[in-house]
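Heads up: the sequence shown begins at 446 in the working numbering, then just goes up one per residue.
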Amino acid sequence: MPTSSNSPSSRIHQVIQAQRLPMGSIYVEQPLPCPQFERIGPFLLLHHWQDLLPGNQSPYEVGVGPHPHRGFSPVTCIYAGGLRHRDSLGNDHVIHAGGTQWIDAGNGIVHSERPDDTLAENGGMLELIQFWINTPSEVKMNAASYHPLSAAETPSWNESGWKIGLVQGRWNEHESPIVSSHPLRIANLKADAAGSSMNISIPMGWTGLLYVLDGAILVDGQRTEGRHMATIVPGEVESIHIESLDACRVLMLVGAPFDEPVISHGPFVMSTYEEIQRAILDYHDGKMGTLTEP
Numbered sequence: 446m447p448t449s450s451n452s453p454s455s456r457i458h459q460v461i462q463a464q465r466l467p468m469g470s471i472y473v474e475q476p477l478p479c480p481q482f483e484r485i486g487p488f489l490l491l492h493h494w495q496d497l498l499p500g501n502q503s504p505y506e507v508g509v510g511p512h513p514h515r516g517f518s519p520v521t522c523i524y525a526g527g528l529r530h531r532d533s534l535g536n537d538h539v540i541h542a543g544g545t546q547w548i549d550a551g552n553g554i555v556h557s558e559r560p561d562d563t564l565a566e567n568g569g570m571l572e573l574i575q576f577w578i579n580t581p582s583e584v585k586m587n588a589a590s591y592h593p594l595s596a597a598e599t600p601s602w603n604e605s606g607w608k609i610g611l612v613q614g615r616w617n618e619h620e621s622p623i624v625s626s627h628p629l630r631i632a633n634l635k636a637d638a639a640g641s642s643m644n645i646s647i648p649m650g651w652t653g654l655l656y657v658l659d660g661a662i663l664v665d666g667q668r669t670e671g672r673h674m675a676t677i678v679p680g681e682v683e684s685i686h687i688e689s690l691d692a693c694r695v696l697m698l699v700g701a702p703f704d705e706p707v708i709s710h711g712p713f714v715m716s717t718y719e720e721i722q723r724a725i726l727d728y729h730d731g732k733m734g735t736l737t738e739p
């Protein structure tokens with residue numbers, strides 16, 4: 446059952462449990478979209494996948510094969526194992542735990558996402574979160590691009606008992622090398638024990654969410670456990686307060702909302718139905734490029 450904050454000054458609106466859903470041969474935790482929210486600001490979808498791979502598999506038997514995207518940014522944070530990205534732009538790259546794969550799908554890209562060869566062959570834990578970020582209509586047809594960010598390249602620091610890894614945006618004096626077409630701040634937060642407490646500044650007009658991978662936190666007094674999402678709404682205060690209740694990991698997605706139509710169809714997110722129809726035709730005509738696998 447979702448819960449709501451009783452404090453009129455709190456930016457936390459609801460705490461919602463993720464749904465466990467089948468995705469082909471795997472299961473993912475999906476807090477967004479959900480019955481309460483089709484989307485939250487620019488954030489359209491969040492999938493959390495954690496699985497122990499058995500090994501003795503071909504890399505092409507695991508993960509997701511070639512598929513297209515247009516009109517938004519699919520982003521993947523890797524928490525355990527390694528994920529190989531290949532795409533129609535010619536990129537072929539593996540990101541390991543602590544890193545991020547950021548795609549600006551723009552006018553179209555075809556890519557695959559599979560465990561790296563060693564993980565597929567030897568087995569082991571693979572854990573990742575993929576989330577989709579809408580992009581403003583004026584940049585939806587920009588050229589597609591891919592931006593890998595390794596753990597070593599991710600701005601990271603310790604603050605008030607929390608380890609923070611900044612995936613995108615600015616946080617005080619820290620800034621991520623990944624550039625977005627829209628104001629965002631995306632970060633991974635980790636506490637090793639209970640009692641780590643800090644205020645997080647968030648512009649008053651911004652919205653977003655905190656997704657707890659495991660452990661539990663208090664955010665503005667609201668208990669939020671693993672596999673739950675706390676939604677953040679615009680408000681008259683410029684911060685939220687977060688406290689770890691035990692060892693925990695949290696993904697923060699916040700950004701400025703923009704008021705534009707959102708029309709989605711499978712892997713395409715556009716502003717009109719006509720643009721969706723064009724995306725389907727362009728993909729089948731090969732205008733988003735091609736990607737083949739053995």
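Cβ atoms here follow ideal geometry from the backbone N, Cα and C, with glycine treated the same way.
Alpha carbon of residue i to alpha carbon of residue j, nearest angstrom
i, j, result
"Y718", "I725", "11 Å"
"P480", "L654", "16 Å"
"G510", "S601", "32 Å"
"H512", "W616", "34 Å"
"D561", "S455", "43 Å"
"V682", "M649", "6 Å"
"A588", "R723", "16 Å"
"P739", "N579", "32 Å"
"L698", "A632", "7 Å"
"S605", "V664", "15 Å"
"S590", "I457", "34 Å"
"Q613", "F488", "14 Å"
"W651", "L564", "39 Å"
"A525", "D496", "10 Å"
"P620", "E598", "The question names Pro, yet the displayed sequence has Glu at residue 620. Approximately 11 Å, taken between the alpha carbons."
"A639", "L611", "22 Å"
"I554", "P519", "11 Å"
"I485", "P679", "11 Å"
"H538", "N567", "19 Å"
"Y728", "G666", "47 Å"
"G469", "V507", "11 Å"
"P581", "M715", "9 Å"
"S533", "T737", "9 Å"
"H492", "G543", "17 Å"
"G700", "E572", "25 Å"
"R531", "E558", "7 Å"
"P447", "F482", "12 Å"
"G527", "L634", "20 Å"
"H556", "E618", "34 Å"
"I523", "E720", "32 Å"
"P478", "N603", "32 Å"
N- and C-terminal bounds of the alpha helix (DSSP H) containing residue i
i, result
"I485", "From DSSP, I485 is part of no alpha helix (DSSP H); its letter is neither H nor E."
"N567", "D562 to N567"
Beta-carbon proximity of residue i to residue j, cut-off 8 Å
i, j, result
"L466", "Q475", "yes"
"H541", "A463", "no"
"L490", "F576", "yes"
"R515", "F703", "no"
"M570", "W607", "no"
"I687", "I645", "yes"
"I647", "I609", "no"
"W494", "I471", "yes"
"M586", "N552", "yes"
"T521", "Q502", "no"
"P499", "R529", "no"
"S684", "S641", "no"
Residue i - containing beta strand (DSSP E), residue span
i, result
"Q502", "Run containing Q502: none; DSSP gives neither H nor E here."
"W547", "T545 to D549"
"L594", "S590 to L594"
"N644", "S642 to S646"
"P519", "F517 to A525"
"W460", "The question names Trp, but residue 460 in the sequence shown is Val. Looking at the DSSP string, the run of the beta strand (DSSP E) that includes V460 is I457 to Q462."
"D537", "D537 to H541"
"T652", "T652 to D659"
"E474", "I471 to L477"
"P511", "V509 to H514"
Three CB pairs or more closer than 8 Å across the segment 659–673 and the segment 612–630
no
Does the segment 651–667 touch the segment 689–704, meaning 3 or more C-beta pairs lie closer than 8 Å?
yes
Contiguous beta strand (DSSP E) assignments of at least 3 residues, all confined to the segment 709–737
713–715
May I have a chain-ordered list of the beta strand (DSSP E) segments no shorter than 3 residues that lie completely inside the segment 605–631?
607–613
Curious, which full-length alpha helix (DSSP H) runs of at least 4 residues does the segment 662–713 contain?
none
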